Amino acid sequence: SLFEHLDSDEIFLITKQGFAYFEEVFGLAYPFDKYDQIAVVDFNWGAMENAGAVTFREDLLVFRSKVTERMYNARANTILHEMAHMWFGDMVTMKWWDDLWLNESFAEWSSYLALVEATKFKNSWAGFNAERKNWAYRQDQLSSTHPIATDMVDIDTVKANFDGITYAKGASVLHQLVAHVGRDNFIKGLQKYFAKHAFKNTVLSDLLVELEATSGRDLSSWVSTWLQTSGVNTLRPVIESDSESYKSIAIKQEAPKIPAGSTELRPHRAAVGLYDLKDGQLLRRKSVELDLTGDLTQVKELSGEKLADLILINDHDLTYAKIRFDDRSIATLKAHLGKLNDGLSRALCWSAAWDMFRDAELSATDFIEIALTGLAGEDDITTVTALMTQLNTAVEIYASDKNRDALREKVAGALLSLLKSAKAGSDHQLQFARSYAALAHTKEQGAEIRNLLDGKFQGLKIDADLRWHLILCLVERGMSSRAEIDAELERDNTLTGALSHERCIAAFPTLEAKEAAFKKATEDESITNWSRLSAIQGYNRPIQRHLHEGFVDRYFDLILETYNTKSYEVSTSIIDLLYPSYLISTQTLAKTDAWLNGPGKDSHPTLRRHILEAKDSLERALRVRAIDK
Numbered sequence: 162s163l164f165e166h167l168d169s170d171e172i173f174l175i176t177k178q179g180f181a182y183f184e185e186v187f188g189l190a191y192p193f194d195k196y197d198q199i200a201v202v203d204f205n206w207g208a209m210e211n212a213g214a215v216t217f218r219e220d221l222l223v224f225r226s227k228v229t230e231r232m233y234n235a236r237a238n239t240i241l242h243e244m245a246h247m248w249f250g251d252m253v254t255m256k257w258w259d260d261l262w263l264n265e266s267f268a269e270w271s272s273y274l275a276l277v278e279a280t281k282f283k284n285s286w287a288g289f290n291a292e293r294k295n296w297a298y299r300q301d302q303l304s305s306t307h308p309i310a311t312d313m314v315d316i317d318t319v320k321a322n323f324d325g326i327t328y329a330k331g332a333s334v335l336h337q338l339v340a341h342v343g344r345d346n347f348i349k350g351l352q353k354y355f356a357k358h359a360f361k362n363t364v365l366s367d368l369l370v371e372l373e374a375t376s377g378r379d380l381s382s383w384v385s386t387w388l389q390t391s392g393v394n395t396l397r398p399v400i401e402s403d404s405e406s407y408k409s410i411a412i413k414q415e416a417p418k419i420p421a422g423s424t425e426l427r428p429h430r431a432a433v434g435l436y437d438l439k440d441g442q443l444l445r446r447k448s449v450e451l452d453l454t455g456d457l458t459q460v461k462e463l464s465g466e467k468l469a470d471l472i473l474i475n476d477h478d479l480t481y482a483k484i485r486f487d488d489r490s491i492a493t494l495k496a497h498l499g500k501l502n503d504g505l506s507r508a509l510c511w512s513a514a515w516d517m518f519r520d521a522e523l524s525a526t527d528f529i530e531i532a533l534t535g536l537a538g539e540d541d542i543t544t545v546t547a548l549m550t551q552l553n554t555a556v557e558i559y560a561s562d563k564n565r566d567a568l569r570e571k572v573a574g575a576l577l578s579l580l581k582s583a584k585a586g587s588d589h590q591l592q593f594a595r596s597y598a599a600l601a602h603t604k605e606q607g608a609e610i611r612n613l614l615d616g617k618f619q620g621l622k623i624d625a626d627l628r629w630h631l632i633l634c635l636v637e638r639g640m641s642s643r644a645e646i647d648a649e650l651e652r653d654n655t656l657t658g659a660l661s662h663e664r665c666i667a668a669f670p671t672l673e674a675k676e677a678a679f680k681k682a683t684e685d686e687s688i689t690n691w692s693r694l695s696a697i698q699g700y701n702r703p704i705q706r707h708l709h710e711g712f713v714d715r716y717f718d719l720i721l722e723t724y725n726t727k728s729y730e731v732s733t734s735i736i737d738l739l740y741p742s743y744l745i746s747t748q749t750l751a752k753t754d755a756w757l758n759g760p761g762k763d764s765h766p767t768l769r770r771h772i773l774e775a776k777d778s779l780e781r782a783l784r785v786r787a788i789d790k
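Set out below in structure tokens:
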């Protein structure tokens with residue numbers, strides 16, 4: 162039973178804080194007679210906002226092992242997101258799916274606002290930037306990008322659009338709208354919207370009427386450019402200076418590269434910050450908030466200022482845009498990113514560096530150097546977790562074949578040093594342990610995974626979930642046995658333990674293990690969705706990419722039948738997660754194109770979207786690898 166692990170005091174605290182906050186901000190009392198929060202086994206989604214009875218995926222609500230503060234933050238965010246839906250979605254519901262964003266974007270924005278203003282998680286906007294906003298930027302630069310408010314032609318399209326644009330871009334654009342009309346005007350408009358439309362269905366114009374009335378602004382052009390067009394703009398500094406001070410600083414805005422041919426230049430309410438390196442810290446000297454319009458906007462307030470070590474466009478993260486740096490700022494970030502004393506500013510710089518890397522403006526070697534240099538100074542565990550994911554992707558997806566092993570060894574070595582220097586029992590120690598085990602490369606590094614499992618790192622609690630993670634990392638390296646994982650299942654004879662056991666079985670570095678996992682994931686109709694996911698996760702280990710080569714043709718052969726005969730949730734998990742994403746080559750690209758132009762030519766548009774998105778990611782990886790000499 163998970164009852165002993167139920168952190169009811171914390172869950173009730175967040176719930177009570179959320180109710181008090183939303184009732185005050187939204188101006189209406191909670192609209193239903195009861196409020197239940199229910200943990201559900203094998204739930205397909207993270208959570209669902211049934212009126213008065215929210216259902217949660219079990220492992221998002223109850224933690225049976227030690228987790229970092231990031232997970233407590235994520236749980237609080239999920240609780241508040243679903244609670245916000247009681248107003249946005251349940252009390253006032255969109256008339257049709259075209260306005261899905263009226264549900265999801267608002268719940269996303271509201272939950273982060275409540276986290277920062279009503280709970281202990283005061284730095285949550287930094288976490289939003291590090292994780293959620295990067296999700297939006299990635300989604301918005303795929304060929305499948307779509308407006309926030311978009312035409313939903315059928316239910317499969319609706320399901321596909323529960324994505325980074327509808328959630329995180331929508332929330333980011335709402336954050337920009339608040340800056341555009343003013344917070345007080347925005348909140349007053351929401352309150353009038355709820356009062357007028359309680360227990361009714363609405364469309365976008367119903368909300369705009371109230372926001373225009375409270376702000377005194379005509380929002381039609383703002384809505385047109387921000388909600389009804391696709392893509393993300395890029396903001397760059399244009400600088401004239403002498404050896405001591407700035408003659409002028411301007412911000413150049415570029416139209417989105419995707420969709421192709423876009424000329425969209427949006428109005429941005431944004432800030433530009435100057436930062437100086439003093440006493441080992443990068444400190445904000447001055448920040449100027451202004452409206453950026455058209456292709457070039459002068460920041461007149463910064464003319465005459467002495468040269469800064471860092472110019473940060475979109476200081477305070479008010480708008481939604483890719484940002485770039487001047488050469489002086491890039492040099493500062495390469496050496497001192499971790500010394501920025503503000504968590505949100507660091508998150509902005511990390512995100513920009515990651516985006517430059519993904520745009521092939523930095524090589525894998527350069528990005529990894531920046532990340533490892535700055536990582537020691539990063540105290541926000543959500544940002545650290547995001548960086549761990551990015552470092553893993555940099556090594557396994559974006560590094561060239563000739564550099565990958567050396568970079569994997571380098572990153573693992575740096576993480577081991579960080580692990581050894583981390584405070585005993587800290588969140589950083591736990592995160593570095595998990596990330597190190599995933600990237601360990603040499604035989605000696607692999608031996609340290611065994612030392613972790615044997616409890617040789619002071620303060621690191623080796624509980625059930627961490628044990629399974631470490632054993633999985635040993636299994637995929639051929640450093641464990643079936644007897645060991647069977648014994649571990651006896652030790653942890655639970656549903657979670659059984660799923661971890663299945664994942665390990667699929668992760669053995671043999672063709673037989675991959676064959677069994679592939680068949681289980683694609684052919685076995687008797688298993689649960691979570692069992693299928695465990696098989697896929699065990700199959701798809703990046704250090705075993707050579708074992709995937711014989712399955713590529715079989716994958717493309719099964720796409721149509723899988724999509725046409727299985728539920729959307731099952732079929733897309735198979736199609737998305739079994740795509741040969743670690744076989745990054747022109748051969749994989751050619752086979753993808755052959756399917757799109759052959760068997761998949763007339764397939765459902767939503768199915769084609771999934772394959773096109775995989776192709777986009779593959780093409781991006783090939784571009785980034787090309788500069789990693």
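Residue numbers for the sequence shown follow the working numbering, so the first one is 162 and each next one is one higher. Even for Gly, the Cβ is constructed at its ideal location relative to N, Cα and C. It should be emphasised that the depicted structure is a prediction, and the values quoted were computed from it without experimental measurement.
Asked                                                                                                                                                                                   : Found
Would a C-beta distance cut-off of 8 Å place Gln389 and Pro308 closer than the cut-off?                                                                                                 : yes
Give every residue of the same chain whose Cβ lies closer than 8 Å to the Cβ of Glu278, excluding the five residues on either side of it in the sequence, and list them in chain order. : Tyr182
If you follow the alpha helix (DSSP H) that Tyr233 is part of, which residue opens it and which one closes it?                                                                          : 230-245
Buried or exposed for Ile791, going by 16 or more other Cβ atoms inside 10 Å?                                                                                                           : Absent from the structure is residue 791, since the part of the chain shown begins at 162 and ends at 790.
Output the distance between the C-alpha atoms of Phe323 and Gly441, rounded to the nearest integer angstrom.                                                                            : 43 Å
From the DSSP output, in three-state form, read off Leu473 for me.                                                                                                                      : strand
By alpha-carbon positions, which one of Ile410, Ala674, Asp777 ends up nearest to Gly135?                                                                                               : With the chain covering only 162 through 790, there is no way to say anything about residue 135.
So Asp452 packs on Arg485, CB below 8 Å; how close in whole Å?                                                                                                                          : Not confirmed; about 20 Å, so no contact.
Whose C-alpha, out of Ile326, Ser162, Leu494, Val399, is nearest the C-alpha of Glu219?                                                                                                 : Ser162
Got a sec? Which residues, its chain only, sit under 7 Å from Asn205 by beta carbon, not counting five neighbours each side?                                                            : Asn690, Glu730
Comparing alpha-carbon positions, which option in Gly538, Pro417, Leu621 lies nearest Leu426?                                                                                           : Pro417
I'd like the list of long-range same chain contacts for Ile610, defined as Cβ closer than 6 Å, with 5 residues on each side in sequence excluded.                                       : Ala598, Ala601, Leu631, Cys634, Leu635
Would the segment 501-513 and the segment 284-297 be scored as touching if the rule is three or more Cβ pairs under 8 Å?                                                                : yes
Pull up the distance between the alpha-carbon of Gly213 and that of Phe360, whole angstroms please.                                                                                     : 14 Å
Do Met255 and Asn362 have their beta-carbon atoms positioned less than 8 Å apart in this structure?                                                                                     : yes
Grab me the residues of Gly325's own chain with a C-beta within less than 6 Å of its C-beta, minus the 5 sequence neighbours each way, in chain order.                                  : Trp296, Ala297, Gln300
Which residues in the same chain as Tyr191 place their Cβ atom closer than 7 Å to its Cβ, once the five residues preceding and following it in sequence are excluded?                   : Phe180, Glu184, Met247
How close, in whole Å, do the beta carbons of Ile529 and Leu498 come, if the pair is a contact with beta carbons under 8 Å?                                                             : Actually they do not touch by this definition, with Cβ atoms about 13 Å apart.
By the DSSP assignment, the beta strand (DSSP E) with Asp452 in it spans what residues?                                                                                                 : 442-453
Alpha carbon to alpha carbon, how far is Gln590 from Ala555?                                                                                                                            : 22 Å
Counting beta carbon pairs with one atom in the segment 776-784 and one in the segment 748-761, are three or more of them shorter than 8 Å?                                             : yes
Would you decide whether His709 is buried or exposed? Buried here means 16 or more other CB atoms lie within 10 Å of its CB.                                                            : buried
Identify which residue in Ser587, Asp566, Ser561 has its Cα closest to the Cα of Ile542.                                                                                                : Ser587
Check whether the Cβ atoms of Asn564 and Asp789 lie closer than 8 Å to each other.                                                                                                      : yes
Is Leu338 helix, strand or coil when you go by DSSP?                                                                                                                                    : helix
If we ignore side chains and look at the alpha-carbon of each, how far apart do Asp456 and Ala482 end up?                                                                               : 14 Å
List the residues that DSSP assigns as beta-bridge partners of Ala287.                                                                                                                  : Paired residue(s): none; Ala287 is not in a bridge.
Start and end of the beta strand (DSSP E) containing Gly432?                                                                                                                            : Per the sequence shown, residue 432 should be read as Ala rather than Gly. That run of the beta strand (DSSP E) goes 429-439.
Only counting the same chain, and skipping five residues up and downstream in sequence, which positions put a Cβ closer than 7 Å to that of Ile735?                                     : Ala682, Thr683, Thr723
On the three-pair Cβ rule with 8 Å, is the segment 343-359 touching the segment 757-775?                                                                                                : no
Between Phe347, Leu468, Ala235, Leu552, which has its C-alpha nearest Lys281's C-alpha?                                                                                                 : Ala235
Apart from the five residues just before and just after Thr458, which ones in its own chain have a Cβ nearer than 8 Å to its Cβ?                                                        : Ala411, Ile412, Gln414, Leu451, Asp452
Since Leu435 and Arg446 should fall inside the 8 Å C-beta cutoff, what is the C-beta to C-beta distance between them, to a whole number of angstroms?                                   : 5 Å
Could you check the C-alpha separation between Thr603 and Ala668 for me, to the nearest Å?                                                                                              : 18 Å
Straight-line CA distance for Asp647 to Asn238?                                                                                                                                         : 36 Å
Does the count of Cβ pairs from the segment 617-624 and the segment 650-663 closer than 8 Å reach three?                                                                                : no
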